[in-house]
Amino acid sequence: MPSIDVSLPLSLRKRAMWASALNLVAVFASQVMRLGGNLVITRLLVPEMFGVMAIATTVSVLLQMLSDVGLRPNVIQSSRGDEPLFLDTVWTVQVIRGFVLFLLTLLLALGAQFTQHIELWPAHSTYAAPELPMVLALSGVAAIIYGFQSPKVDVAIRVFQQKKVVIAELIAQFVGLIAMLVAGYLTRSIWSLVAAGLLSTLVFTALSHLIFQGPRNRLRLEPAALREVFDYGRWILLSSSVGVLAMQGDRIWFGGSMSVAELGVYSIAVAILGAIQSVLLRLAGAVALPAFSEATRSGDKERVRSLYYRSRALFDLTSLFACGFLLTASPLMISWLYDDRYAGAGNTMAILSLSLFTLRFTLAHQLWLAMGLTKYVAMDNIIRVVSLFILLPVLMAIGGVTYAIWGVALHTFFTLFLIFPVNRKLGLLDLKRELVVLPALLIGVLFGEMITSLFT
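By the numbering used here, the letter at position 261 of the sequence shown is numbered 247, and the numbering carries on one by one without gaps.
Rendered as structure tokens:
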């Protein structure tokens, strides 16, 4: 839970602390369900199915991010973020976007079918899996369902009234988990994964309209609100468009160079690491962004600066310790959790854990968003995608897939050449504070080594 500056107004401090606690509980419960379900379903399904789902998920995220104009951050930071007309405009844009994304997914599914028909891909490639086109098509329905999600959820996050958000998310995840396990047990097919995702999205969307306070959403567009949405979102659109290539580019690339089983094992490593990353990202998006936005609207720069420094403490210590620990203990963790078919995920996760070193600077991104400096977020993501797509082919040519995985882990380090100068310009760079937290990395390494030596 990020520390909150004692100079902040009591109401903001209390609300931020309460929101942090709620989100930590939510993340913990969510990851317990996710990990528990993952452990069971990997014993019901073969690794190849997770490889196909990794591509389908990547396509879904790719399309979502390529059309992202920052609707949620806009509601959170805008002075009009609680006005019904503004929220209806946001909702209408979101609904239209959902249908467009579904149609694009169908086109990609047809494209996948065509490339398989002409045998464009090697037989072992994930893109050649016969289930892929239909999985893509059905997964695209989630975009329509998500499009109808009420922006009343965003308003609740904006004002730190997140209890219902947490409850709705956990209910939706639990329903999806049960559906996945029951369908997986009965069918032993990839369709259990597809159905679980659709049902979970449907449940949360329904709850967003039923349990959150506020007037019923209507389809209408106000020109002034629409201009604000796109003025704020133009840099976010660029940022998301290139950022998704950095976030999902590894799976896009490996889909053509790994076998279906290999990509399935790789996706397990990514999923376990993602469980840890989601804790920091959840707090950054659901707690830090609203707190930074409210402090920024007050116009007190010193308050914003103090809040940023204090909020960084736990983020830095947690991510650095986790980075060091997973660097040495990942193979042991995978051997505990999965059978021998997934053993390769251990070394992969150890390498990928290096990305946690730079994940701690997510708070800088949230502060930039709160201050309306979305262009810097776009520049950060441009650096990520350029670095990734240079490192991947170069390292792949030098040493194959193993070397390429190092490129995935290290490409985010190049963003430090942007983060440090921008934060210095904003008066947010304290080199002494940046250095004093680094021993947490070494402590994590030593702790991981100790655990590994005790249990092997």
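Note that the Cβ used here is the ideal one computed from N, Cα and C, for glycine as well.
Identify the continuous alpha helix (DSSP H) that holds V141 and give its terminal residues. In the sequence shown, the residue the question calls residue 141 occupies position 155. Counted as a single uninterrupted DSSP element, the alpha helix (DSSP H) harbouring V141 occupies residues K138 to R144.
Alpha-carbon to alpha-carbon, V180 and L93: Residue mapping note: residue 93 aligns to position 107 of the sequence shown, counting from 1. Residue mapping note: residue 180 aligns to position 194 of the sequence shown, counting from 1. Going by the C-alpha atoms only, they are around 18 Å apart.
Whose C-alpha, out of T101, L338, A247 and P201, is nearest the C-alpha of T314? Numbered from its first residue, the sequence shown carries residue 314 at position 328. Among T101, L338, A247 and P201, the Cα nearest to that of T314 belongs to L338.
Boundaries of the alpha helix (DSSP H) in which G170 is found, first to last residue: Here the question's residue 170 lines up with position 184 in the sequence shown. Unbroken alpha helix (DSSP H) run through G170: K149 to T173.
Which of helix, strand or coil does DSSP assign to S439? The count along the sequence shown starts at 1 and reaches residue 439 at position 453. DSSP places S439 in helix when its eight states are reduced to three.
Check whether the Cβ atoms of Y113 and A123 sit closer than 8 Å, and answer yes or no. Within the sequence shown, the letter at position 127 stands for residue 113. Within the sequence shown, the letter at position 137 stands for residue 123. Annotated as distal: Y113 and A123, with beta-carbon spacing of 8 Å or more.
Could you give the residue range of the alpha helix (DSSP H) that holds L57? Taking the first residue of the sequence shown as position 1, residue 57 is located at position 71. Counting along the chain, the alpha helix (DSSP H) containing L57 begins and ends at L57 to Q63.
Quick one: what's got a C-beta closer than 6 Å to A95's C-beta in the same chain, skipping five residues either side? In the sequence shown, residue 95 corresponds to position 109, counting from 1. Around A95: P119, L122 and A123.
Terminal residues of the alpha helix (DSSP H) in which P119 lies: Start at 1 with the first residue of the sequence shown, and residue 119 comes out as number 133. Start and end: L118 to S125.
Applying the criterion that 16 or more other CB atoms from any shown protein chain within 10 Å of the CB defines a buried residue, is H110 buried or exposed? In the sequence shown, residue 110 corresponds to position 124, counting from 1. With fewer than 16 Cβ atoms within 10 Å of its Cβ, H110 is classed as exposed.
According to DSSP, is S245 helix, strand or coil? By one-based count along the sequence shown, residue 245 stands at place 259. Of the three classes helix, strand and coil, the one that applies to S245 here is strand, per DSSP.
How many whole angstroms separate the CB atoms of N203 and S136, which I take to be in contact at a CB cut-off of 8 Å? Taking the first residue of the sequence shown as position 1, residue 203 is located at position 217. Taking the first residue of the sequence shown as position 1, residue 136 is located at position 150. Contact between N203 and S136 holds, with the beta-carbon distance rounding to 5 Å and staying under 8 Å.
Between the Cα of L184 and those of V151, F88 and L207, spot the shortest distance and give me the residue it belongs to. Position 198 of the sequence shown, counting from 1, holds the residue named residue 184. Selected option, being the one with the closest Cα: F88.
Where does S284 fall in DSSP's three states? The sequence position of residue 284 within the sequence shown is 298, counting from 1. Assignment of S284 by DSSP, reduced to helix, strand and coil, places it in the coil class.
Do you know offhand how far S297's Cα is from R144's? The residue labelled residue 297 in the question sits at position 311 within the sequence shown. The residue labelled residue 144 in the question sits at position 158 within the sequence shown. Straight-line Cα distance between these residues: approximately 18 Å.
Rounded distance between the beta-carbons of T191 and I131, thought under 8 Å: For the purposes of this step, residue 131 is taken as the residue at position 145 of the sequence shown. For the purposes of this step, residue 191 is taken as the residue at position 205 of the sequence shown. Between I131 and T191 the beta-carbon gap is near 5 Å, inside 8 Å, which marks them as a contact.
Would you report the Cα separation of T304 and E105, rounded to the nearest angstrom? As a first step, residue 304 is located in the sequence shown; it is residue number 318 there, counting from the start. As a first step, residue 105 is located in the sequence shown; it is residue number 119 there, counting from the start. For T304 and E105, the distance between alpha carbons rounds to 47 Å.
Among W221, A255 and G430, whose alpha-carbon lies nearest the alpha-carbon of I368? By 1-based counting over the sequence shown, the position of residue 368 is 382. Distances from the CA of I368 to each of W221, A255 and G430 were compared; the closest alpha carbon is that of W221.
To the nearest angstrom, report how far apart Q263 and Q199 are at their CA atoms. Sequence index remark: in the sequence shown, residue 263 carries index 277 (1-based). Sequence index remark: in the sequence shown, residue 199 carries index 213 (1-based). One alpha carbon belongs to Q263, the other to Q199, and they sit about 31 Å apart.
Per DSSP, the bridge partner or partners of S450: The chain is shown only over -13 to 442; residue 450 falls outside these bounds and no answer can be derived.
S373 lies in the alpha helix (DSSP H); which residues open and close that run? Within the sequence shown, the letter at position 387 stands for residue 373. T360 to L396 is the span of the alpha helix (DSSP H), which, as asked, contains S373.
Nearest to I437 (by Cα), restricted to the options Y324, L359 and F311: Counting from 1 along the sequence shown, the entry for residue 437 is found at position 451. Ranking Y324, L359 and F311 by Cα distance to I437 puts F311 first.
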